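Visitor: For the record, in the sequence shown the residue sitting at position 90 is 78 according to our numbering, with numbers rising by one throughout. Using N, Cα and C, we set each Cβ at its ideal position, and we do this for glycine too. For clarity, every value in this text was computed on a predicted model and none was experimentally measured. This structure is in structure tokens; I'll ask about it shortly.
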Amino acid sequence: MSDDATVRGEERLLIDGELRPARSGATFETVNPATGAVLGVVADGSRQDLDDAIGAARRAFDGTDWSTDVELRVRGLRQLQAGFQRHADEIRAMTVAETGSPVSLTYSAQLDAPVGSLGWVADLAEGFEWETDLGDAEPLGIPSHRWVRREATGVVGAITPWNVPHQINLAKLGPALAAGNTVVLKPAPDTPWCATVLGRLIAEETDIPAGVVNIVPSSDHAVGALLSTDARVDQVSFTGSTATGRKVMASAADTVKKVFLELGGKSAFVILDDADLRGACATAAFTVCTHAGQGCAITTRLLVPRTLFDEAVDSTSRVMAKLPAGDPTDPGTICGPLVSARQRDRVEGYLRLAIEEGGSFALGGGRPEGLDGGFFVEPTLIVGVGNDARVAQEEIFGPVLVVIPFDDDDDAVALANDSAYGLSGSVWSADRARAVAVANRIRTGTIGINGGLWFSPDVPFGGYRQSGVGRESGVAGFEEYLETKSLAEPA
Ligand code: NAD
């Protein structure tokens, strides 16, 4: 396990360019999920602190040339990227200690990939066509020259979860800043240091002006709710559970804010009857064990041909058994702890529910031995339930895979689509055209064919149905943070 005494985090909020404690002086603790030990504290932002932050972001947007100075924004984003890279070892250790993420993942989605995405979005802003000439026309008989201009939305309130905090914080901050917005970031209380480190880097190592970025962790979820109700905030960009997303959307209605939601998922991994069964099952097993299944886009329903069901269960459980929950600082670990005792309770509640619903465990179902201090759950394979079971419909957010049989391709598509969600998925077949045809019929925002991976800064990511509204990353993700202004003059 990590040597927690050597892990340090930034304790202060960033408001109006100043790294400072909460007005009340209050702090709250951040905990190592692998050990249960307190790592340290962070300022506990209140409604007053958030109010200060929104005011600062509003002034920075309205009163400075941040929104029109592309060169300054590009420079600031590259400085932020360089700051992360300069302190990579310290931030990596802190990230593993605070999130419980396996260290191996920090070399990709948990740290290095999101830091890399800052460079991608800086390049995009640098080359972006901010104005498009639409030429002359005679609308209603009046000769006019028209053009379209893209402008920042204004003040963005960003609310983020704890599972891949750098990925989600930077997938919001990067494009929002590149587009010329100012931001108030309210991170999840489980991983505050992964956000306050951003505040320190921005304040100390970049030219990003005071007030452009404000970072306010809080132990109180209700504090973040202000971002969706305050009239000074133009857009709220939320990632988290569908239940909270609904509240954000509803409370943003009074001030008619732009709302951008990245929510939950219950994505299907579909293995067609001609696929490389062992290869597919190994990938499904690896995917659900990664970071203990704490990823919204992780495939958590394994759909297999009825005739191959037993073989698929055997193959998948063999690989899952080789990926036991363990110490996240060990480079060989794939499945670390859950983020908190609360999340472990939640996952264990679903494991009990699986039995109540008539299911059984082909593997796992309990806590691993010898890891008592942390919040670990064994990788678990559930069989014996239908797609209508709650464990097959609801997001568990743990290393838990439900295996469900299907009869033919139409049945597989119907089961994959029989979900309130539509975030991701995977289809496997020896016949590429067949796999693509099935993938095209699944109502979901991202989908891999035979193990292909879509995760990249240039690829839009987001959900259909109750998995969200809008797209993060890619040009589409950048344009989420832009308004469109149409202008005309006499031709
Ligand atoms: P959560 O919804 O409980 O909390 C997310 C954030 O919202 C936190 O910062 C929290 O403090 C804040 N919050 C809580 N109540 C609020 C309210 N009423 N108003 C405003 N803010 C409020 O989710 P979580 O447990 O932190 O994260 C796990 C969930 O996030 C899972 O459902 C997962 O699928 C989802 N998630 C989605 C994506 C995606 O891109 N689609 C990515 C990661 C996680």
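(1) Determine the direct distance from the alpha carbon of S328 to that of E383, and round the result to whole angstroms.
(2) Using only alpha-carbon positions, find the residue among A380, A464, I42, N151 that is nearest to S216.
(3) From which residue to which residue does the beta strand (DSSP E) around I259 run?
(4) Mind checking whether T18 and D32 have CB atoms under 8 Å apart?
(5) Mapping the DSSP letters down to three states, classify F364 as helix, strand or coil.
(6) Could you tell me the alpha carbon to alpha carbon distance between L475 and G123, rounded to whole angstroms?
(7) Measure the C-alpha to C-alpha separation of G374 and A380 and round it to an integer number of angstroms.
(8) Going by DSSP, what residues sit across from K174 in a beta bridge?
(9) Count the other CB atoms, across all protein chains shown, that sit within 10 Å of the CB of S455; report buried if there are 16 or more and exposed otherwise.
(10) Counting beta carbon pairs with one atom in the segment 46 to 64 and one in the segment 92 to 102, are three or more of them shorter than 8 Å?
(11) Check whether the Cβ of G462 lies closer than 7 Å to any heavy atom of the ligand NAD, and answer yes or no.
(12) In three-state DSSP terms, what is K245?
(13) Which runs of the beta strand (DSSP E), 3 residues or longer, sit entirely within the segment 10 to 42?
(14) For V29 versus E(-2), is the C-beta distance shorter than 8 Å?
(15) At a cut-off of 7 Å, is I203 close to the ligand NAD when judged by its beta-carbon and the heavy atoms of the ligand?
(16) In angstroms with no decimal places, state the Cα-to-Cα distance between S412 and E345.
(17) Within 10 angstroms of the Cβ of T94, are there 16 or more other Cβ atoms? Answer buried if so, exposed if not.
(18) For the beta strand (DSSP E) containing A125, name the first residue and the last one.
(19) Around the C-beta of D333, are 16 or more other C-beta atoms found within 10 angstroms, so that it is buried, or is it exposed?
(20) Measuring alpha carbon to alpha carbon, tell me which of A110, L341, V201 ends up nearest D40.
(21) Pull up the DSSP beta-bridge partners for E442, would you.
(22) Going by DSSP in three states, I384 sits in which element: helix, strand or coil?
(23) By a C-beta neighbour count over all protein chains shown, 10 Å radius and 16 as the cutoff for buried, is I130 buried or exposed?
(24) So, do the segment 169 to 176 and the segment 202 to 211 have three or more beta carbon pairs nearer to each other than 8 Å?
(25) Could you give the DSSP three-state label for F349: helix, strand or coil?
(26) Take A25 and list the residues in its own chain whose beta-carbon comes closer than 6 Å to its own, dropping the five residues that flank it on each side.
(27) Among residues of its own chain, excluding the 5 on either side of V401, which ones have a beta-carbon nearer than 7 Å to its beta-carbon?
(28) Can we count V172 as close to the ligand NAD, meaning its CB is less than 7 Å from some heavy atom?
(29) Just to check my reading of the structure: A532 and H133 have Cβ atoms closer than 8 Å, yes? What is that Cβ distance to the nearest angstrom?
(30) Roughly how far, in whole angstroms, is the beta-carbon of W442 from the beta-carbon of G436, given that I think they are within contact range, below 8 Å?
(31) Would the beta-carbon of F257 fall within 8 Å of that of V143?
(32) Relative to the C-alpha of S12, which residue among N20, D37, P325, W181 is closest?
(33) What would DSSP say about K310, mapped onto helix, strand or coil?
(34) Who are the near neighbours of A268 in its chain, counting only those whose CB is closer than 7 Å to its CB and skipping five residues on each side?
(35) So, does the segment 241 to 249 touch the segment 271 to 282, judging by three or more C-beta pairs under 8 Å?
(36) From E471, V371, Y409, pick the residue whose C-alpha is nearest to that of T230; which is it?
Guide: A quick look at the data gives this:
(1) When only Cα atoms are considered, E383 and S328 end up about 16 Å apart.
(2) I42
(3) Unbroken beta strand (DSSP E) run through I259: 255 to 259.
(4) no
(5) Under the three-state reduction of DSSP, F364 is assigned to coil, being neither helix nor strand.
(6) 11 Å
(7) 7 Å
(8) I147
(9) buried
(10) no
(11) Result no, Cβ not under 7 Å from the ligand NAD.
(12) coil
(13) Runs found: 15 to 19, 26 to 31.
(14) no
(15) no
(16) Looking at the two C-alpha atoms, the distance is approximately 25 Å.
(17) buried
(18) 119 to 125 is the span of the beta strand (DSSP E), which, as asked, contains A125.
(19) In this structure D333 is exposed. Its beta-carbon is surrounded by fewer than 16 other beta-carbon atoms within 10 angstroms.
(20) V201
(21) Here the sequence assigns Trp to residue 442, which means Glu is not the residue at that position. Beta-bridge pairing links W442 to no other residue.
(22) coil
(23) exposed
(24) yes
(25) strand
(26) D(-8)
(27) V426, R429, I430
(28) Between the ligand NAD and the CB of V172, the shortest heavy atom gap is not smaller than 7 Å.
(29) Residue 532 is absent from the model: the chain starts at -11 and stops at 479.
(30) Taking the Cβ atoms as the reference, W442 lies roughly 6 Å from G436, within the contact range of under 8 Å.
(31) no
(32) D37
(33) coil
(34) I259, W416
(35) no
(36) When the alpha-carbon of T230 is set against those of E471, V371, Y409, the nearest one is in Y409.
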